[in-house]
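Protein chains in written order, with our numbering: chain A, 1 to 164; chain B, 1001 to 1407; chain C, 2001 to 2115; chain D, 3001 to 3313.
All C-beta atoms in this analysis are idealised placements derived from N, C-alpha and C, irrespective of residue type, glycine included.
Right, one structure below, let's go through it.
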Amino acid sequence: MREADQVRQELLAKFPWLDASSRVSRSRRLWVEVSDYSKFAEVLNFAVKNLDFDILCTITGLDDGPVLSAVYHIAAKDGIILNLKTSVPRDRPVLRSIVPVFTNAEIYERELIDLLGFKVEGLREGKRYPLPDGWPEGQYPLRKDWKPENLDAITPYGKPPKES
Amino acid sequence: MAKNVVIPVGPQHPALKEPANFSLTLQGEKILESTIRVGYNHRGIEKACEERTYVQDMYLIERICGICSHSHSTAFIQAVEEIAGLEMPGRGLYIRTLVAELERVHSHLLWLGVAGHEVGFDTLMMYTWRDREIVMDLLQVLTGNRVNYGINTIGGVRRDVTKEQLDDVMKGTQTLEERTKYYIELATQEPTLIQRLSGVGVLKPEDAVNLGAVGPVARASGVARDARKEDPYAVYADLEFNLITDNHNDVFGRAVVRLLELMESYKMIRQLVTKMPDGPIAAKAPRKIPAGEAISRYEAPRGEDVHYVKANGTEKPERVKVRAPTLANIQAVTKMLENGQLADMPIVVAAIDPCFSCTDRAIEIVSPDGPGILVWKDLREWSIEWYKERGLDLSGLNKKLISRLGR
Amino acid sequence: MNKPGKIGGLALSSLLKKPATTKYPFVKEPMIGKFRGKIKFSQPLCIGCKICMRDCPSNAIEIVKVGEKQFEAVLDLGKCIYCGQCVDSCPKKALELTGEYELAVLDPKTLKVKI
Amino acid sequence: MVETLFYILVFPGFVFLSSLSFITEFVDRKLYARFQNRAGPPFIQPLADFLKLVGKEDVIPEDSSPAIFKFMPILALTAVLTAFAYIPLWTTHGLASFQGDIIVLLYLLTIPTLTFFLAGWYSTSLYAKIGAVRTITQLFAYEVPLFMAVLACAILADSWKTADIAAFYSAKPWLILVNLPAMFVALIALLGKLERVPFDIPEAETEIVAGTFTEYSGRLLALFRLGINIETIVAASLLAAVMIPFGLGLPWWFGVPLYLAKILFVIFCLALLRSVFARFRIDQMMRFCWTVLAPIAFFQIILNLIIKGFVLK
């Protein structure tokens, strides 16, 4: 069994600039932050191809104020989870789809689109998830500045039935 | 029939206990293509979590799913405990694991019944569900409720168990083990059942890895993955159990994996009861959780639960992300349905043991009151009118009942 | 080895057995163990700290001040999820679980009860 | 004339049959429940279900053809009621017996299946259409073994008249044992005809909602259900008359209970069979009927010809 620290060293050997932004929180938990999105694909591919991280657990979207972040949780057979975090500017939140690497990323990426308003390039046409088809444009519920009352202004949703 | 037919299965359909939509393109009875739409149960739990305290979230998270409620609450609480850096008492962890395994027993027996029902074998359903009552009662004795146990608290568990209760658990396990042996025999000997299960919904091992299948679905395709082994949480490192895999790659394999897992669970329950240490059941937890983030994995009956929690030093979490096992498995269903028969669709979908409540978490939409849409009250008035037109006036009955019963 | 109709033996023997069904509401099964039912409130013990209100996941309980050091609890049966967190949170043990579970009413207005 | 009318309308005709159908439905459901260790419905349940359905609104799909949609349940009911007139119950003679009536009887029993097909097809719902196609596909699977099994008994009795067949076997009761394979085939095929588990493929609720009956509601559905219940009795009576025909021509106070016991026996067998199997898939059912049931029925015919040619000479 390898340890998360070993994996971190291997990663640092390839990408020395990750030294400050990576840490091991406990055994089998590795956190890496790639704040520069242009370098993200390189790190992801290295982790998948050379470090045997072969299962994508999920993608978490975060609203970090000026930037929107996405954490890719990727697991390996030996139980180590690599949490790869990256950020894109809030006014242009464009990610590239990782479906070519992980087929199952599709539904998690759709979730990012619906709930946090990411744009994902290279995602095929398909049904949305998880919000209803009639959900108004530009309403992203998981953003911190969003309130359920935002919907009240928009008809026909959001008008509560009159109580008797 | 040369013409292809597109048949909608769901969002409301007898085969689905919860809403999801499968559009199947059929040629005769053969399924050519399928598309899946989920999200009908999206309730805004992730957003709601951010607006509640950790204590409140515990119960909200527990209600993501009625069957694997303990799974979700444990996964969430493990993440919170990791951030808070709590030292966990052994007895608390043992009780938590005991409830977890009892829940797995209850969930797998439920699945067997549902699978029986989907292939028209209702007798099997009735018997497995009757036996499931034993484990439901055990859970009620230990935790206080049959579902949504509410046993977890940050830092341990809320209720201690007594010697007599553990004896009850041993006795119940004994009965259940005998029953399970019978079901294993039944599943491997009844030809009509085998015919319906084997060769159906095939998922090849490479597809299982590719599509990120988890839990019994992956294990039935020969992918040996189990968070209890890979990333031992709670007290699984102390327990001796086998990782069950099967190479049938089909629904029959999934049934075999679940049935054999039941036997492993009984083994684990025995070990948990005999090894249970004495001591406190919970550590004192602070109301404010220090800033930090953690990801927690938990092998729920249906597969791996992944919870991500980010704390910001206040009483409320900054972000909670839930990945339920069904969401990971639902993408494999399209593959399984391909070139299958329409008649096999219910059992294939049931074979991943779907739980759409788990899958779709997150916003509360107040009922639309737009034009042409009737709300409950309108519908009620309309039905009263409808019956009145036909000379039947029942509107007074409710009032009479209220006055009679005094409620 | 195939045995068509294997469950037949079990089915036939069930004919002579008592059905497993409980005929609720004619037969009421007692609640074993510490079932989480309706909450009981003992007024003299309450100090009005309102921790229960803060911890309630569904805002079902409300503590109202009715006089000098006198408090009343109002429970919304429709909102309560019967988790019992308020009972755990209460520092003075003023709240207690009971096994009462038949709480359905015909009129939604009567769901809010003073306990 | 009055007697005939009484026979058709009251006893053992329409009124008696309808009430008997509620009782057999109750027995069937109760047995099914008890096989599953459940309590089962109270005695009045089938009647209550019927009355409730009758009180409900009939919803007719816009695109369907209303005339056919409404006519089909009535036709199904009529066909099974007519079939009843040809079966000797506890008397030695059916009401309208004639030479060749067993053929008519079998065809009359096929009519309900055809009405299910037409009803489903003209409902214009996708589920109903798939159900309709499955109904007709299934018909080709079980109908041949059923006909062969019943006619094998007729061949041995050397008559195409149900009453004569019954009389023949009453006289030589040991020959009933020869027909046991035919009895087995007929029971299984009946499960298909009555669309019960394991052959409830056309109305498999987990796959295609309610199949043929998806669009039916209210009175029309109630009529269909009544038709199916009466079909069960008629089919059971046919089996009783052809396969277990002893004790005919006894006085009514002994004959009627004996007759009821016979149908209850058939109902018991049907309930047991439907509780121990999983539902077949349509292709599996075709294979089963043609490779298992049909050969057994064929073997029965050969056997009966041999017995007739060599033993009974």
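contact_flag[the region 3234–3246 of chain D, the region 3173–3190 of chain D] where n(CB pairs < 8 Å) is 3 or more: yes
Sequence-distant residues of the same chain with beta carbon closer than 8 Å to B/Asn-1004, five excluded per side: Thr-1025, Leu-1026, Gln-1027, Leu-1032
Range covered by the alpha helix (DSSP H) that runs through B/Arg-1196: 1191–1197
Selection from D/Lys-3056, D/Phe-3050, D/Val-3027, D/Phe-3117 that minimises the alpha carbon distance to D/Phe-3043: D/Val-3027
Cβ contact (3+ pairs, closer than 8 Å) linking the region 3267–3284 of chain D and the region 3198–3211 of chain D: yes
Three-pair Cβ contact test at 8 Å for the region 1298–1307 of chain B versus the region 1099–1117 of chain B: yes
Residues that DSSP places opposite B/Asp-1393 in a beta bridge: For B/Asp-1393, which the question treats as bridged, DSSP gives no partner whatsoever.
Buried versus exposed call for B/Pro-1346 [16 or more other C-beta atoms within 10 Å across all chains shown]: buried
Sequence-distant residues of its chain with Cβ nearer than 8 Å to B/Asp-1360 (five each side left out): Note that B/Asp-1360 has pLDDT 48, beneath the 50 cutoff, so the model's placement of it is unreliable and no number is given.
Beta-carbon contacts of C/Leu-2012 that lie in its chain and below 8 Å, excluding the five residues immediately before and after: none
Assigned exposure category for B/Ala-1291 - 16 Cβ within 10 Å defines buried: exposed
CA-to-CA distance, C/Lys-2023 to C/Ala-2104, given in whole angstroms: For C/Ala-2104 and C/Lys-2023, the gap between their C-alpha atoms comes out near 18 Å.
Simplified DSSP state of B/Pro-1011, which is helix, strand or coil: The answer is coil: DSSP assigns B/Pro-1011 none of H, G, I, E or B.
Start and end residues, beta strand (DSSP E) containing C/Lys-2065: 2061–2067
Per-residue contacts from B/Asp-1231 into chain A (C-beta, under 7 Å): Simply Arg-28, Gly-79.
Outcome for B/Pro-1317 when other beta-carbon atoms lying within 10 angstroms are tallied against a minimum of 16: buried
Opposing strand residues paired with A/Val-88 [DSSP bridges]: A/Leu-68
Expected contact under 8 Å - CB spacing of B/Met-1268 and B/Leu-1239 to nearest Å: 5 Å
Contiguous beta strand (DSSP E) assignments of at least 3 residues, all confined to the region 1307–1353 of chain B: Within the region 1307–1353 of chain B, the complete beta strand (DSSP E) runs of at least 3 residues are 1317–1323.
From B/Ile-1061, B/Asp-1305, B/Asp-1057, B/Asn-1021, residue whose alpha carbon lies closest to that of A/Pro-132: B/Asn-1021
The region 3071–3082 of chain D in contact with the region 2040–2056 of chain C per 3-pair CB rule at 8 Å: no
Interface residues of chain D facing B/Arg-1130 [CB-CB closer than 9 Å]: For B/Arg-1130, the neighbours in chain D by C-beta distance under 9 Å run, in chain order, Gln-3036, Asn-3037, Arg-3038.
Chain C within 8 Å of D/Phe-3277, Cβ atoms only: yes
Contact with chain C by B/Gln-1140, beta-carbon distance below 8 Å: yes
Residue range of the unbroken alpha helix (DSSP H) whose run includes A/Gly-134: Taken as a continuous stretch (DSSP letters only), A/Gly-134 belongs to no alpha helix (DSSP H), as it is neither H nor E.
Selection of the region 1310–1327 of chain B by Cβ proximity to chain A, strictly under 9 Å: Lys-1310, Glu-1318, Arg-1319, Lys-1321, Val-1322, Arg-1323, Leu-1327
Alpha helix (DSSP H) segment containing C/Gln-2070, residue limits: It is not in any alpha helix (DSSP H) - C/Gln-2070 instead sits in the beta strand (DSSP E) that spans 2070–2076.
B/Ile-1036 (DSSP reduced to helix, strand or coil): strand
B/Val-1005 in three-state terms, based on DSSP: strand
Chain-ordered neighbours of B/Ile-1067 on chain C, where CB pairs are closer than 8 Å: Chain C residues near B/Ile-1067: none, gap ~17 Å exceeds 8 Å.
Which of helix, strand or coil DSSP assigns to B/Lys-1030: strand
Inter-residue Cα distance where the pair is B/Trp-1111 and D/Ala-3166: 49 Å
Residues of the region 2028–2051 of chain C with Cβ closer than 7 Å to any Cβ of chain B, in chain order: Ile-2032, Gly-2033, Lys-2034, Phe-2035, Arg-2036
CB contact check: D/Ala-3189 to chain C, cutoff 8 Å: no
DSSP-derived helix/strand/coil call for B/Phe-1022: Residue state for B/Phe-1022 is assigned as strand, using DSSP reduced to three classes.
Within 8 Å, strictly: CB atoms of A/Ile-80 and A/Ala-13: Their beta carbons are not under 8 Å apart, which means A/Ile-80 does not touch A/Ala-13 by this criterion.
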